Amino acid sequence: MLNIHDVERTSTIYGPGNRYVIWVQGCTLGCVGCWNTNMWSAEEKSMISVDFLLNDIQSTADIEGITLLGGEPMHQAMDLLRLCKTVKAMGLSIFLYTGFELDELKKQEEKELLDLADIIVCGRYDIQLRNTHLQWRGSSNQKVIFNTDRYAHYQLDDANYCEVEIDEDGVITISGYPDKELLNSMVKD
Ligand code: SF4
Numbered sequence: 003m004l005n006i007h008d009v010e011r012t013s014t015i016y017g018p019g020n021r022y023v024i025w026v027q028g029c030t031l032g033c034v035g036c037w038n039t040n041m042w043s044a045e046e047k048s049m050i051s052v053d054f055l056l057n058d059i060q061s062t063a064d065i066e067g068i069t070l071l072g073g074e075p076m077h078q079a080m081d082l083l084r085l086c087k088t089v090k091a092m093g094l095s096i097f098l099y100t101g102f103e104l105d106e107l108k109k110q111e112e113k114e115l116l117d118l119a120d121i122i123v124c125g126r127y128d129i130q131l132r133n134t135h136l137q138w139r140g141s142s143n144q145k146v147i148f149n150t151d152r153y154a155h156y157q158l159d160d161a162n163y164c165e166v167e168i169d170e171d172g173v174i175t176i177s178g179y180p181d182k183e184l185l186n187s188m189v190k191d
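Taking my numbering, I'd label the letters of the sequence shown as residues 3 to 191.
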């Protein structure tokens, strides 16, 4: 079972193309200024089986891959490895965020998970190096690694990316790093 904070079945800002995005629950790294402190606790949020997620991924149309972020995916590497092996067998790509540096990841399941990822963004969020105009990263120390041939020719296009979703009840969800100007433009007097 995976401890999941949230799932977005299609998003375009967390990697190339349309992606099925999974925010895992639980992170011990404690980066100052983290935007996702509500994902730090390892207490159970939504316990979802790998098989359930695989079925949901398979039934989601027009995605080219999945993205894992959080929270810290490497804290649940064993179950995510099982998920990713099947996702790869479906022909989908894997985009993996981790707050760890690669040389900190020494367990077998962590290394295997890294090997499966087509793109890895790694490193702690550093508030001193915060930059909201970097594609896929929140601070300039974080590295983007094109780990397989699949996206070897991808050109990073640094800019401020965010996504706004309005559900049928009018609830607005904003993903990414919206600046004050955008947030203000969305607030009605
Ligand atoms: S690794 Fe990510 S989720 Fe964890 S504290 Fe740092 S920024 Fe937050």
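Just so you know, even glycine gets a beta-carbon here, dropped at the ideal spot from N, CA and C.
In this text the structure is predicted, and so the values were computed from the model without any measurement.
Exercise. By Cβ distance below 7 Å, which residues in the same chain neighbour Asn20 in space, the five residues on each side in sequence not counted?
Worked result: Within the sequence shown, the letter at position 18 stands for residue 20. If we look at Asn20 and ignore the five residues flanking it on each side, its Cβ neighbours are Thr12, Thr14, Asp64, Ile65, Glu66.
Exercise. For Ile96, which of Ile121, Gly72, Gly73, Phe148 has the nearest alpha-carbon?
Worked result: Position 94 of the sequence shown, counted from the first residue, corresponds to residue 96. Here the closest residue by C-alpha is Ile121.
For this session: With Met80 as the anchor, note down where its alpha helix (DSSP H) starts and where it stops.
Result: Here residue 80 refers to the residue found at position 78 when the sequence shown is read from its first residue. Looking at the DSSP string, the run of the alpha helix (DSSP H) that includes Met80 is 79-91.
For this session: Take Met2 and list the residues in its own chain whose beta-carbon comes closer than 8 Å to its own, dropping the five residues that flank it on each side.
Result: Nothing can be reported for residue 2, as the shown portion of the chain is limited to 3 through 191.
Exercise. Going by Cα to Cα distance, which pick from Gly178, His155, Gly125, Gln137 is closest to Asn143?
Worked result: The count along the sequence shown starts at 1 and reaches residue 143 at position 141. The shortest C-alpha separation from Asn143 is found at Gly125.
For this session: Report the rounded CA-to-CA distance for Asn5 versus Asp53, giving the unit in angstroms.
Result: The residue given as residue 5 occupies position 3 in the sequence shown. The residue given as residue 53 occupies position 51 in the sequence shown. Their Cα atoms are separated by approximately 14 Å.
Exercise. Is the region 122-141 touching the region 34-42 in the sense that three or more CB pairs, one from each, lie closer than 8 Å?
Worked result: Yes, they touch.
For this session: Round the Cβ separation of Leu70 and Leu82 to the nearest angstrom and send it over; I've been treating them as touching at under 8 Å.
Result: By one-based count along the sequence shown, residue 70 stands at place 68. By one-based count along the sequence shown, residue 82 stands at place 80. Confirmed, Cβ separation roughly 6 Å.
Exercise. Got a sec, what are the start and stop residues for the alpha helix (DSSP H) Ser111 sits in?
Worked result: Locating residue 111 in the sequence shown gives position 109, counting from the first residue. Reading off the sequence shown, one finds Glu at residue 111, where the question assumed Ser. Per DSSP, Glu111 belongs to the alpha helix (DSSP H) from 110-118.
Exercise. Which one of Asp151, Val173, Lys113, Val123 has the shortest CA to CA distance from Trp138?
Worked result: If you number the sequence shown from 1, residue 138 lands on position 136. Comparing Cα-Cα distances from Trp138 to each of Asp151, Val173, Lys113, Val123, the minimum goes to Val123.
Problem set entry | Which listed residue (His77, Val89, Met3) has its alpha carbon closest to that of Gly28 | In the sequence shown, counting from the first residue as 1, residue 28 sits at position 26. Answer by Cα proximity: His77.
Exercise. Just how far apart, CA to CA, sit His135 and Val146?
Worked result: In the sequence shown, counting from the first residue as 1, residue 135 sits at position 133. In the sequence shown, counting from the first residue as 1, residue 146 sits at position 144. One Cα belongs to His135, the other to Val146, and the distance between them is close to 14 Å.
For this session: Label Thr100 either buried or exposed according to how many other C-beta atoms from any shown protein chain fall within 10 Å of its C-beta, with 16 as the threshold for buried.
Result: Counting from 1 along the sequence shown, the entry for residue 100 is found at position 98. Residue environment analysis places Thr100 among the buried positions, since at least 16 neighbouring C-beta atoms fall within 10 angstroms of its C-beta.
Problem set entry | Closest residue to Asp159 among Tyr16, Val9, Glu74 (Cα-Cα distance) | By one-based count along the sequence shown, residue 159 stands at place 157. The candidate whose alpha carbon is nearest that of Asp159 is Tyr16.
Exercise. Taking Cβ to Cβ, would you say Phe102 is nearer than 9 Å to Leu185?
Worked result: The count along the sequence shown starts at 1 and reaches residue 102 at position 100. The count along the sequence shown starts at 1 and reaches residue 185 at position 183. In this structure, Leu185 does not lie closer than 9 Å to Phe102 by Cβ.
Exercise. When a residue counts only if its C-beta is closer than 6 Å to some heavy atom of the ligand SF4, which residues count, in chain order?
Worked result: Those satisfying the condition are, in chain order, Cys29, Leu31, Gly32, Cys33, Cys36, Asn38, Met41, Gly72, Gly73, Glu74, Gly101, Arg126, Tyr127.
Problem set entry | Where Met3 falls: helix, strand or coil (DSSP) | Position 1 of the sequence shown holds residue 3. In this structure, Met3 counts as coil in the three-state DSSP scheme.
Problem set entry | Burial state of Glu112, where buried means 16 or more other Cβ atoms lie within 10 Å | Looking up residue 112 in the sequence shown gives position 110. Using a 10 angstroms sphere on the CB of Glu112, the tally of other CB atoms reaches 16 or more, which defines it as buried.
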